[in-house]
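Participant: Please read through the structure below; I'll follow up with questions.
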Amino acid sequence: MNIKQLEAFVRIVKNKSFSQTAKELYLTQPTVSSYISSLEEDLGVQLFTRTTKEVHTTSEGEQIYLYAKDIVNLSNKIRNAFKEEPKDDINEIVISSSSIPGQYLLPGMLANFSKRFPNTEFRIHETDSKGAVTDVAEHRADIGFCGTIIPKTACTFLPFYEDELILVTPNTPYYQKMKESNDLAFLSKADFVMREQGSGTKQEALKILQQNGLKIEDMKVVARFGNTGAVMLSVKEGVGVAVVSKLAARAEIKNGDVLAFPLQEGGYFRKIYMVSNSNYPLSKRAKSFIQMIQNHVDKRKII
1 MNIKQLEAFV RIVKNKSFSQ TAKELYLTQP TVSSYISSLE EDLGVQLFTR TTKEVHTTSE
61 GEQIYLYAKD IVNLSNKIRN AFKEEPKDDI NEIVISSSSI PGQYLLPGML ANFSKRFPNT
121 EFRIHETDSK GAVTDVAEHR ADIGFCGTII PKTACTFLPF YEDELILVTP NTPYYQKMKE
181 SNDLAFLSKA DFVMREQGSG TKQEALKILQ QNGLKIEDMK VVARFGNTGA VMLSVKEGVG
241 VAVVSKLAAR AEIKNGDVLA FPLQEGGYFR KIYMVSNSNY PLSKRAKSFI QMIQNHVDKR
301 KII
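The numbering of the sequence shown is full-length UniProt numbering, which starts it at 1 and goes up by one.
Encoded structure:
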């Protein structure tokens, strides 16, 4: 394993192209392919899968990507240590996020950050809360966003947003009548649509349902999904009821596709967290992104 192989690997991950990487490194494509083949042989894993249009990183490739990027960054710093205008780190931030912050909060934050640092490239991996925290803990992501705290060594959690969870039901005469009575007693007989095991929304949903007197073992769960969009569509189609983020249900509520019930008087709120790992060095750009979130929290307490 050598620095040229790692540099080629890092660039291919970003470019999704062997030919583009060869051009950037002023090498022939066969030379770049040889670098990757040698690296795969040394590591004993396959790093990429290829289609006719694109190159995709394997799960093993994703696992070593940030380590490789750190080595390339350090190599660049050594090379440029005595130059008048040293290059900065690679201006890329790898983020792993659960679905709610990933779909409804991150786009605005990335837009604001890009105005200040226009050359930043973000790589976003959407997963559940458990996956986001694990990615940060195992250095597959620089920063994570999640809807619940999952303790991991060296990981710190900064709350930056308060997200209201609500109950959504199909918009049928039966649930219209339940909404008029403002009573959640019907939940004991309801069919539930849930997120998957690692979802922060699911964990928080189970907490509030227990507070409403519903025993977990007595719940009738008819479907589980890996994303909130599928949950909302199932509720809209009458499959069952669900506890979801109000952010995710705004359009369906406005259109009258579903009915919304508060989970307690004044609303039930959970915190959305930014996750970082103190055991791994971050690029200046990633540190600036974390500082932007920190400054916002300091000024406004919590969004």
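A virtual CB, placed ideally from N, CA and C, is assigned to each residue, including glycine.
All figures in this text were calculated on a predicted structure; none of them were measured in a lab.
Please confirm if the stretch 159-174 is in contact with the stretch 225-244, defined as three or more CB-CB distances below 8 Å between the two stretches.
Facilitator: The stretch 159-174, when compared against the stretch 225-244, does touch it at the 8 Å Cβ threshold.
Participant: For residue 245, count neighbouring Cβ atoms within 10 angstroms of its own Cβ and tell me buried if that reaches 16, exposed if not.
Facilitator: buried
Participant: Expressed to the nearest angstrom, what Euclidean distance is found between the alpha-carbon atoms of residue 159 and residue 101?
Facilitator: In this model, residue 159 and residue 101 are separated by some 12 Å (Cα to Cα).
Participant: Taking buried to mean at least 16 other C-beta atoms within 10 Å of its own C-beta, is residue 73 buried or exposed?
Facilitator: buried
Participant: Report buried or exposed for residue 12, applying the criterion of at least 16 other Cβ atoms within 10 angstroms of its Cβ.
Facilitator: buried
Participant: Taking 7 Å as the threshold (C-beta atoms), are residue 18 and residue 5 in contact?
Facilitator: no
Participant: By Cβ distance below 8 Å, which residues in the same chain neighbour residue 222 in space, the five residues on each side in sequence not counted?
Facilitator: 191, 192, 193, 239 and 240
Participant: Quick check: what's the CA-CA separation for residue 186 versus residue 44?
Facilitator: 56 Å
Participant: Quick one, are the C-beta atoms of residue 200 and residue 146 less than 7 Å apart?
Facilitator: yes
Participant: Closest to residue 106 by CA distance: which of 91, 122 and 78 is it?
Facilitator: 122
Participant: Can you give, in chain order, each stretch of the beta strand (DSSP E) that sits fully within the stretch 42-111 and has at least 3 residues?
Facilitator: 48-50, 55-57 and 92-98
Participant: Looking only at its chain, what residues have a beta carbon closer than 6 Å to the beta carbon of residue 85, apart from the 5 residues adjacent to it on each side?
Facilitator: Only weak support exists for where residue 85 lies, its pLDDT of 47 falling under 50; the value from the coordinates is given anyway. Nothing meets the Cβ criterion.
Participant: I need the straight-line Cα distance from residue 295 to residue 176, nearest angstrom please.
Facilitator: 44 Å
Participant: Measuring CB to CB, does residue 204 end up less than 7 Å from residue 116?
Facilitator: no
Participant: Would you mind stating whether residue 142 and residue 242 have Cβ atoms separated by less than 7 Å?
Facilitator: no
Participant: Our contact map puts residue 188 next to residue 132 with C-beta atoms below 8 Å; I'd like the distance itself, whole angstroms only.
Facilitator: Wrong, their Cβ atoms sit about 33 Å apart, outside the cutoff.
Participant: On the DSSP letters alone, give me the boundaries of the beta strand (DSSP E) that residue 260 sits inside.
Facilitator: 258-262
Participant: Quick one, which of 255, 16 and 150 has its alpha-carbon nearest residue 128's?
Facilitator: 150
Participant: State buried or exposed for residue 156, treating a residue as buried only when at least 16 other CB atoms are found within 10 Å of its CB.
Facilitator: exposed
Participant: Please report the distance separating the alpha-carbon of residue 181 from that of residue 103.
Facilitator: Cα to Cα, the separation comes out at about 33 Å.
Participant: Determine the direct distance from the alpha carbon of residue 276 to that of residue 179, and round the result to whole angstroms.
Facilitator: 41 Å
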